[in-house]
Each structure stands twice: as C-alpha cells, then as structure tokens.
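**Student:** Have a look at this one.
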Amino acid sequence: MQDLQILFFIVGACLGSFGNVLIARLPNGESLCGRSHCPHCKKTIASYDLIPLVSYLVLRGRCRSCRKKISLQYPVVELLSGILALIALAHTHTFVTAVLLGTSLWLLLIITVIDVHTRGIHDALNVPFILCGIAFGSFTTGIDALAVTIGVGFFGVQWAVSKGQWVGSGDVLLMIGISTLLGYWEHVVLMIFIAYLSGALVASFLLMTKRKTRQDHLAFVPFLALGMLVTLLWGERILAIILL
Ligand SMILES: [Zn+2]
C-alpha cells in the first residue's frame with residue numbers, strides 16, 4: 060500500500076471510531092463531548108483502549124474492567140469507515156474530491172446505522188452530507204438539475220402523497236446528497252432501482268422466514284446507501300450492459 064492509502068485508511072478508521080460515538084449519543088441527544096465509558100460497568104475507557112480496531116483485537120472484544128463483551132458494531136463501523144475512505148481515494152483524481160467523497164460515504168454509513176437502530180435520520184448528519192454532496196458534484200460532474208429533480212422528486216412525491224408514511228422527510232433530503240454525489244440522472248435512476256430491488260428481496264426474505272411481519276417498518280436508508288455505493292462503483296458498467 061502507498062502512504063496515502065495507509066493515511067486514508069487510518070483517518071477513515073478514526074472517523075469510524077468517532078462515528079460510533081455519534082451512533083451512541085446523537086439519537087439520545089447526549090453531548091458529544093466527554094469521555095467514552097463502558098455501557099455495562101460505566102467505567103471511563105482509557106485513551107490507550109480507544110485505538111480503532113487495534114484496541115478491540117488487543118482486548119479480544121471485552122471490556123478491560125468488567126470483561127463483558129463489546130458490541131461487534133464498534134470494530135465493524137471502524138473497519139467499514141477505513142474501507143470507504145480507500146474506496147473514495149480509488150474513485151477520485153484529486154485530494155479534495157477524495158476527502159469530500161470519503162466524508163460523504165462515512166456520513167452515509169453513520170446515518171445508515173442510526174436509521175437501523177432508531178428509524179430516523181438526524182439533521183446534524185444529513186446537512187453535512189448534503190453539503191459534501193453538492194461540493195463533490197461541483198468539483199466533478201457539475202450539479203445535474205435533472206439528477207437532483209429525479210432523486211428528490213421520486214421520494215418527495217411519495218412523502219407528500221403518503222403524508223410521510225412511506226418515506227420520511229429525512230429520506231427526501233438525503234436524496235439531495237446522493238443525487239449530487241452520483242451526478243448523472245441515469246445513475247440516480249439505477250440507484251433507486253437497486254434500492255427498491257434489494258429492499259424488496261430483504262423484506263420478502265424477512266417475511267418468509269417470519270422474522271418480521273407486514274406491520275413492521277423496515278429501515279430504508281440501508282438500501283438507499285447500498286444502491287448509492289453499487290452505482291458509484293459499478294454504475295457505468297451496469298448501465299452499459301443494460302443499455303446494450
Ligand atoms: Zn465494562
């Protein structure tokens with residue numbers, strides 16, 4: 060690995076560590092300042108036990124003080140954040156666009172995990188995500204009004220018709236960021252298709268295996284994020300095959 064890749068992975072993993080703090084505290088309205096503590100024994104975690112990924116491995120996934128298990132979500136979010144930073148670097152041509160895309164993907168990951176836990180999107184994450192998306196779009200493809208209109212319009216109409224029952228206002232706002240990041244309207248259409256297809260497949264699986272009932276509400280952001288990532292990485296190739 061080159062130096063820049065190592066740097067991006069480490070910074071990404073550290074952002075992931077901060078992301079875990081956001082996931083734990085933002086939905087409860089807790090302050091982001093103040094030291095982290097074990098959710099079981101409440102003991103303050105020493106700074107040498109807060110090294111992303113490394114500390115989890117050294118402690119073998121258990122709290123140093125009470126030996127209770129640390130959620131696997133912590134190292135997974137740190138690892139994914141590092142990988143997303145590498146993806147951002149590989150996918151861009153300049154340092155600034157790599158940082159903007161990396162920050163956007165990291166924000167989308169944290170928004171996704173919070174949505175899974177709470178079925179809600181926090182404006183404190185949505186607003187910077189939209190700003191990063193607009194900045195990234197401006198530096199790369201330019202802001203395509205049609206892409207944004209399709210992305211925001213598709214969910215905005217559903218939000219208006221269902222009075223917020225099918226999709227939330229947070230999903231509509233999130234689409235501003237996703238549409239500006241993807242840049243082309245064809246990619247936005249593909250992203251929506253992948254999101255609905257994957258959502259339908261997972262929902263069918265959960266219904267068939269009786270893990271969920273029709274009354275349960277499935278978090279939708281994970282599928283938007285999946286559609287966005289797949290389109291970002293392979294959208295060009297997928298469209299070339301479909302439109303052959
Ligand atoms: Zn503990």
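Our numbering applies: residue 60 is where the sequence shown begins, and numbers increase by one.
Note that beta-carbon positions come from the ideal geometry of N, C-alpha and C, so glycine has one too.
Could you tell me the alpha carbon to alpha carbon distance between residue 227 and residue 190, rounded to whole angstroms?
**Tutor:** Position 168 of the sequence shown, counted from the start, is the residue given in the question as residue 227. Position 131 of the sequence shown, counted from the start, is the residue given in the question as residue 190. So the alpha carbons of these two residues sit roughly 20 angstroms apart.
**Student:** Within 7 angstroms: the Cβ of residue 99 and any heavy atom of ligand 1?
**Tutor:** Locating residue 99 in the sequence shown gives position 40, where the first residue counts as 1. Yes.
**Student:** Take residue 145 as the anchor and find which of 63, 302, 282 and 246 has the nearest alpha-carbon.
**Tutor:** Reading the sequence shown from its first residue, position 86 is the one you call residue 145. Of the listed residues, the one whose Cα sits closest to residue 145 is 63.
**Student:** With respect to 7 angstroms, is the separation between the Cβ of residue 90 and the closest non-hydrogen atom of ligand 2 below this value?
**Tutor:** Annotation note on ligand 2: not contained in the displayed structure, which lists ligand 1 as its ligands.
**Student:** Applying the 10 Å Cβ sphere with the 16-neighbour rule, what's the burial state of residue 115?
**Tutor:** Working through the sequence shown from its first residue, we reach residue 115 at position 56. When all chains shown are included, residue 115 counts as buried.
**Student:** Would you mind sorting residue 219 into buried or exposed? The rule is 16 or more other CB atoms within 10 Å of its CB.
**Tutor:** Against the sequence shown, residue 219 aligns to sequence position 160. That one is exposed.
**Student:** With a floor of 4 residues, list each alpha helix (DSSP H) that falls wholly inside the stretch 63-112, ordered by position along the chain.
**Tutor:** With a minimum length of 4 residues, no continuous alpha helix (DSSP H) run stays inside the stretch 63-112.
**Student:** Who are the Cβ neighbours of residue 136 in its own chain at under 6 angstroms, not counting the five residues just before and after it?
**Tutor:** Taking the sequence shown and counting its residues from 1, the one referred to as residue 136 is at position 77. Correct list, in chain order: 75, 78 and 79.
**Student:** So, residue 253 versus residue 200, is the Cβ gap smaller than 8 angstroms?
**Tutor:** Counting from 1 along the sequence shown, the entry for residue 253 is found at position 194. Counting from 1 along the sequence shown, the entry for residue 200 is found at position 141. No, they are not a contact pair.
**Student:** Could you tell me the alpha carbon to alpha carbon distance between residue 127 and residue 117, rounded to whole angstroms?
**Tutor:** Here residue 127 refers to the residue found at position 68 when the sequence shown is read from its first residue. Here residue 117 refers to the residue found at position 58 when the sequence shown is read from its first residue. One C-alpha to the other measures close to 14 angstroms.
**Student:** For residue 141, which residues of its own chain have a beta-carbon under 6 angstroms away from its beta-carbon, when the five flanking residues on both sides are left out?
**Tutor:** One-based indexing of the sequence shown puts residue 141 at position 82. Here the set comprises 68, 71 and 72.
**Student:** In terms of alpha-carbon separation, which member of 89, 197, 176 and 167 lies closest to residue 185?
**Tutor:** Sequence index remark: in the sequence shown, residue 185 carries index 126 (1-based). For the residues 89, 197, 176 and 167, the minimum Cα distance to residue 185 belongs to 167.
**Student:** Leaving out the 5 sequence neighbours to the left and right, which residues in its chain are closer than 7 angstroms to residue 162 when beta-carbon positions are compared?
**Tutor:** Taking the sequence shown and counting its residues from 1, one reaches residue 162 at position 103. 191, listed in sequence order.
**Student:** Under three-state DSSP, which class holds residue 296?
**Tutor:** Residue numbering aside, residue 296 sits at position 237 when the sequence shown is read from its first letter. Helix.
**Student:** Any heavy atom of ligand 1 inside 7 angstroms of the beta-carbon of residue 124?
**Tutor:** Locating residue 124 in the sequence shown gives position 65, where the first residue counts as 1. Checking every heavy atom of ligand 1 against the Cβ of residue 124, one is found closer than 7 angstroms.
**Student:** Do residue 196 and residue 247 have their C-beta atoms closer together than 8 angstroms?
**Tutor:** Start at 1 with the first residue of the sequence shown, and residue 196 comes out as number 137. Start at 1 with the first residue of the sequence shown, and residue 247 comes out as number 188. No, the Cβ-Cβ distance between residue 196 and residue 247 is not below 8 angstroms.
**Student:** Taking all protein chains shown into account, do 16 or more other C-beta atoms lie within 10 angstroms of the C-beta of residue 303, making it buried, or fewer, making it exposed?
**Tutor:** Taking the first residue of the sequence shown as position 1, residue 303 is located at position 244. Answer is exposed; the Cβ neighbour count stays below 16.
**Student:** Could you tell me if the beta carbon of residue 102 falls within a distance shorter than 7 angstroms of some heavy atom in ligand 1?
**Tutor:** The residue given as residue 102 occupies position 43 in the sequence shown. Indeed, a heavy atom of ligand 1 lies less than 7 angstroms from the Cβ.
**Student:** By the DSSP assignment, the alpha helix (DSSP H) with residue 120 in it spans what residues?
**Tutor:** By one-based count along the sequence shown, residue 120 stands at place 61. Residue 120 -> no alpha helix (DSSP H), and no H or E assigned at all.
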